[in-house]
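Chain order of the listed sequences is C and S.
Here the numbering used here runs 41 ahead of the position in the first sequence, where the first position is 1.
Here the numbering used here runs 41 ahead of the position in the second sequence, where the first position is 1.
We put the beta carbon where it would ideally sit given N, CA and C, even for glycine.
The structure presented is a predicted model; accordingly, all values stated were derived computationally and were not measured.
Below is one structure, written out as structure tokens, with a few remarks after it.
There are 2 protein chains.
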Amino acid sequence: MPHDHSHCVADALTRADALCAERGARLTTLRRRVLELVWSSHRPRGAYAILEDLSQQDGKATAPLTVYRALEFLVEQGLVHRIESLNAYVGCAAPGPTHSGQFLVCEGCGDAAEVDDPQVRAAIETAAAARGFRVQRPTVEVRGVCKACQEKHP
Amino acid sequence: MPHDHSHCVADALTRADALCAERGARLTTLRRRVLELVWSSHRPRGAYAILEDLSQQDGKATAPLTVYRALEFLVEQGLVHRIESLNAYVGCAAPGPTHSGQFLVCEGCGDAAEVDDPQVRAAIETAAAARGFRVQRPTVEVRGVCKACQEKHP
DNA sequence: GTCATGACGTTACTATATAACCTTGCCGCC
DNA sequence: GGCGGCAAGGTTATATAGTAACGTCATGAC
Ligand SMILES: [Zn+2]
Ligand SMILES: [Zn+2]
Ligand SMILES: [Zn+2]
Ligand SMILES: [Zn+2]
Numbered sequence: 042m043p044h045d046h047s048h049c050v051a052d053a054l055t056r057a058d059a060l061c062a063e064r065g066a067r068l069t070t071l072r073r074r075v076l077e078l079v080w081s082s083h084r085p086r087g088a089y090a091i092l093e094d095l096s097q098q099d100g101k102a103t104a105p106l107t108v109y110r111a112l113e114f115l116v117e118q119g120l121v122h123r124i125e126s127l128n129a130y131v132g133c134a135a136p137g138p139t140h141s142g143q144f145l146v147c148e149g150c151g152d153a154a155e156v157d158d159p160q161v162r163a164a165i166e167t168a169a170a171a172r173g174f175r176v177q178r179p180t181v182e183v184r185g186v187c188k189a190c191q192e193k194h195p
Numbered sequence: 042m043p044h045d046h047s048h049c050v051a052d053a054l055t056r057a058d059a060l061c062a063e064r065g066a067r068l069t070t071l072r073r074r075v076l077e078l079v080w081s082s083h084r085p086r087g088a089y090a091i092l093e094d095l096s097q098q099d100g101k102a103t104a105p106l107t108v109y110r111a112l113e114f115l116v117e118q119g120l121v122h123r124i125e126s127l128n129a130y131v132g133c134a135a136p137g138p139t140h141s142g143q144f145l146v147c148e149g150c151g152d153a154a155e156v157d158d159p160q161v162r163a164a165i166e167t168a169a170a171a172r173g174f175r176v177q178r179p180t181v182e183v184r185g186v187c188k189a190c191q192e193k194h195p
């Protein structure tokens, strides 16, 4: 779905500003820049890719730790999610009460769509409870093909 | 649950022998050794940890590729699963028709219990279908605390 | 035996992530 | 104003994870 992505970015930054202000968290210039770079598309972006973007913008090399620290902050604040199966990061579509959604990762276009399906969450909770397992952080990353890509290759 | 783990290992190896024979897949000495090392506990084990085990057994350094190739084979055969969120590998409890189960990973003891819950699978399938997403490979890795560890720290 | 195939070894390299330590800038307070 | 405390960010080095390219050897079909 071709959309006006600049809106996605602008919205994400606005929400981030609001959330951090509300919580007294410091969304510094660097952290905000990293957040914007994560949001450069809906494809999860690796830490080193972001590092390169940053270095290029500044015309000088940046250290990995700089990026990792910013990402750590953004993940803690629930503004960004880490996709474990890709070692990459993607902007959260609906930050707020910190959550952990599920991700539909397309093999075709690479986009990762975030969904937060109560049924999925409940099924996992139930299956875990049946084994006496206390859930802390569920990770659900579904590889497959998105609607748009299916239509492209019929 | 303290159990006779040697049984787990023996069973796993027996099943692996049978499955590979049935399929005409070659479970070579190296691959069998790696499988045994993966099964050394119920904790997912990193490729480099296995590499060290192997090197130590042989008294000479082994190359990473050796291990990665064996692991690739074992994963393809469904004898071993990769835990994405840990970059580690764990033996499959019920190999056979190749499946992709869910994993309950304990923060306390590190054990990863494999479950294959139809409800979870169905919920994911439904949620994906509702968005026109075709599922290929679901990854579910739940971090939390297992029953035994909960009882240990009440 | 010959030859094709697949398994394994060797070397070098890329990618991802963290440790230890120091500098800077902000903020409240004396 | 100046000082103490703290958190962010910089610097350097290192740990951990994964691949590429190429060669050699074993197995099995013919
Ligand atoms: Zn967008
Ligand atoms: Zn797609
Ligand atoms: Zn066991
Ligand atoms: Zn446990």
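CB contact check: residue 145 (chain S) to chain C, cutoff 8 Å: Judged by the 8 Å Cβ criterion, residue 145 (chain S) is in contact with chain C.
For residue 93 (chain C) and residue 171 (chain C), the rounded distance between their alpha carbons: In a straight line, the C-alpha of residue 171 (chain C) is about 46 Å away from that of residue 93 (chain C).
Start-end ranges of the alpha helix (DSSP H) lying completely within the stretch 82-146 of chain C, minimum 4 residues: Taking 4 residues as the shortest admissible run, the stretch 82-146 of chain C contains the following complete alpha helix (DSSP H) segments, listed from N- to C-terminal end: 88-99, 105-117.
Beta-carbon proximity list for residue 85 (chain S), same chain, < 8 Å, skipping 5 on both sides: Only 124, 127, 129, 130, 131, 146, 151, 153 meet the Cβ criterion.
Segment contact flag, the stretch 157-169 of chain C with the stretch 49-62 of chain S, C-beta cutoff 8 Å, min 3 pairs: The stretch 157-169 of chain C is not in contact with the stretch 49-62 of chain S.
Beta-carbon gap between residue 144 (chain C) and residue 186 (chain C) smaller than 8 Å: With contacts defined by Cβ atoms closer than 8 Å, residue 144 (chain C) and residue 186 (chain C) do not form a contacting pair.
Partners in chain S for residue 173 (chain C), counting only beta-carbon separations shorter than 8 Å: Within chain S, the residues near residue 173 (chain C) are 187, 188, 191.
Reference residue 44 (chain C), options C:78, C:82, C:91, C:59, closest by Cα: Out of C:78, C:82, C:91, C:59, C:82 has the C-alpha closest to the C-alpha of residue 44 (chain C).
Environment of residue 162 (chain C) [buried if 16+ CB atoms lie within 10 Å]: By the 10 Å Cβ count, residue 162 (chain C) comes out buried.
Chain-ordered neighbours of residue 161 (chain C) on chain S, where CB pairs are closer than 8 Å: For residue 161 (chain C), the residues of chain S that pass the 8 Å Cβ criterion are 161, 164, 165, 168, in the order they occur in the chain.
Continuous beta strand (DSSP E) stretch holding residue 148 (chain C): start and end: The continuous stretches of beta strand (DSSP E) do not include residue 148 (chain C), and DSSP gives it neither H nor E.
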